[in-house]
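This report refers to the structure that appears directly beneath it.
Residue numbers (my numbering): 7 to 562.
Structure, rendered in structure tokens:
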């Protein structure tokens, strides 16, 4: 301070220009340094590298961000929002506590975002929900879990939609953003949504309440009401971790893993889905593919060992990109709300169990958001994709139709649809679609007892094959059981040389010898394997029939 007082004029004292140059020069220099350094530092603090490497210890979030469609969008655009510089500064100052939490390790694993700016201030700065999007074709490439890993594709026409109803639009998936929708979630991840309120374009208010909902509808003010926006569904758009199924299908499609490796899809998914304490433990488990194939498929391994080694390398890479056991984070710790196969997603509301007081339900029909899926196998000629719905009978207009349709099936269905093998999965008709019937759809309410009671649907539990058979079994009687439960692995492409779908092949046994010994169930390897907990889901009664058949001398 004494130094600065030299430059404060006293009575009768005069200053020359030279006397004033130093202090004001220093001030100007400091201001110049600030102007030169502040903008770059501000920009760096807004960069993905600062957020993902310098500031936070979040390798999973940073790694997935770099692979996402938003890899060129700065983190701050979503987590702080675009606004006036001063507003951004104060928001960022509030985030300084995250640096302190990092330094003092005051955080919980897996890491979750504590707060996000509303989608109106982030997503909609680039994406306008008022803009109508035409239907778009989506092709899902996937593979069978069989020896040859057979490829097939599922074709869907997505009804993205959007726009305003006053323009003759306002439909499709983005209808949800154009119309005010509020909901109550029971958990921070918003996976349980028991209550929904919709305001239609005409201003009508409709409330839907789930079966067994705990929401007190007379005292809604005790709950936090969320407004549906882009992030309600697109919650992982910048940090998506692929499921094992999708990651392996992609690797098979691009040739990073060879389809020539027997059952590689099933084995790879099993390895990636298993829980591990550490990455090193996971990599050791993946490396076990080498001895697995050398011992169980020696003929293939003799020529295909390099393919197995390449698969191990690719699986190790996939695991390290999708699983972080040290941070307790994997593909299933952060549910992806787009779709409805791997997480509840759409079925959080469109599960067929959200009713109004008048009995209407939030519709669950597939063709609200996309066409009926079409499964296309190699060699299929001109697969037919239903682009639009035609005239529908009145039964189809009932909001509970998709839940009822299996019990309402009759001869009239063939007027519009091919109906061979209804409910099957061989894709020989509209009613045997494997993309529909080949999945359990665990998040939909198709099999909910409460729903069946409300809709007065009699639920039938499928009886296992031969469960009521009490006579003396022959191979002819047992053959449907072998085909259904064992044929995928021991049919046309027999694992370990064992084919059970015809009598002579079964008696011939596997590469290791006989699997059934006439008159000696205790010496028959088939009984040992099935009784010990094999992949085939045979019942105790079915095993008893096999034992009886072997004891009787294997009659054909």
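Where is the CB? At the ideal position from N, CA and C, for every residue including glycine. Predicted model, so just to flag it, every value in this text is computed and none were measured.
C-alpha of residue 557 to C-alpha of residue 543: approximately 22 Å in a straight line.
Residue 190 is a Cβ neighbour of residue 199, given a cutoff of 9 Å.
Residue 438 carries a helical assignment under DSSP once its states are collapsed to helix, strand and coil. Membership of residue 216 in the beta strand (DSSP E) is indicated by the continuous run 211 to 216. Fully enclosed beta strand (DSSP E) runs of no fewer than 3 residues occupy 142 to 149, 157 to 164 of the segment 113 to 179, in order along the chain. Rounded to whole angstroms, the separation of the alpha carbons of residue 516 and residue 484 is 19 Å.
Closest in C-alpha terms to residue 424, from the list 414, 413, 411, 439, comes 439. Secondary-structure assignment with DSSP links residue 367 through a beta bridge to 361. By the C-beta density criterion, residue 132 is exposed, having fewer than 16 other C-beta atoms within 10 angstroms.
Remark: C-beta atoms of residue 367 and residue 159 do not approach each other more closely than 9 Å. If you look at residue 60, you'll find it isn't in any alpha helix (DSSP H); DSSP assigns it neither H nor E. Put simply, the backbone Cα of residue 300 is about 49 Å away from that of residue 53.
Remark: C-beta atoms of residue 77 and residue 327 do not approach each other more closely than 9 Å.
With a 10 Å radius around the Cβ and a threshold of 16 neighbouring Cβ atoms, residue 332 comes out exposed. Contact between residue 272 and residue 151 is confirmed by a C-beta separation of about 4 Å, below the 8 Å threshold. Burial is judged here by how many other beta carbons sit within 10 angstroms of a residue's own beta carbon; residue 91 has fewer than 16 and is exposed.
By the Cβ-count criterion, residue 223 is exposed, with fewer than 16 other Cβ atoms from all chains shown falling within 10 Å of its own Cβ.
Straight-line spacing of the CA atoms in residue 179 and residue 186 works out to 14 Å. DSSP places residue 447 outside any alpha helix (DSSP H), giving it a letter other than H or E. Contact check for residue 428 against residue 418 fails: the beta carbons are separated by 9 Å or more. Residue burial is scored here from C-beta neighbours: residue 422 has fewer than 16 other C-beta atoms within 10 angstroms and is therefore classed as exposed. Judged by DSSP in its simplified three-state form, residue 335 adopts strand. By the CB criterion at 9 Å, residue 493 and residue 370 fall outside the cutoff. The beta carbons of residue 72 and residue 155 sit no closer together than 9 Å.
Listed in chain order, the non-local C-beta contacts of residue 512 below 6 Å within the same chain comprise 506, local neighbours out to five positions each way being set aside. Exclusion of the five residues before and after residue 289 leaves 322 as the residues of its chain whose Cβ lies within less than 6 Å of its Cβ. Residue environment: residue 521 is assigned as buried (16 or more neighbouring CB atoms within 10 Å of its CB, all protein chains considered). Taken in chain order, the whole beta strand (DSSP E) runs of length 3 or more contained in the segment 229 to 279 number zero.
Within the model, the alpha-carbon separation for residue 82 versus residue 88 is close to 8 Å. Residue 142 sits close to residue 164, with the two beta carbons spaced by under 9 Å. Shown here, residue 105 sits in a helix according to DSSP, grouped into three states.
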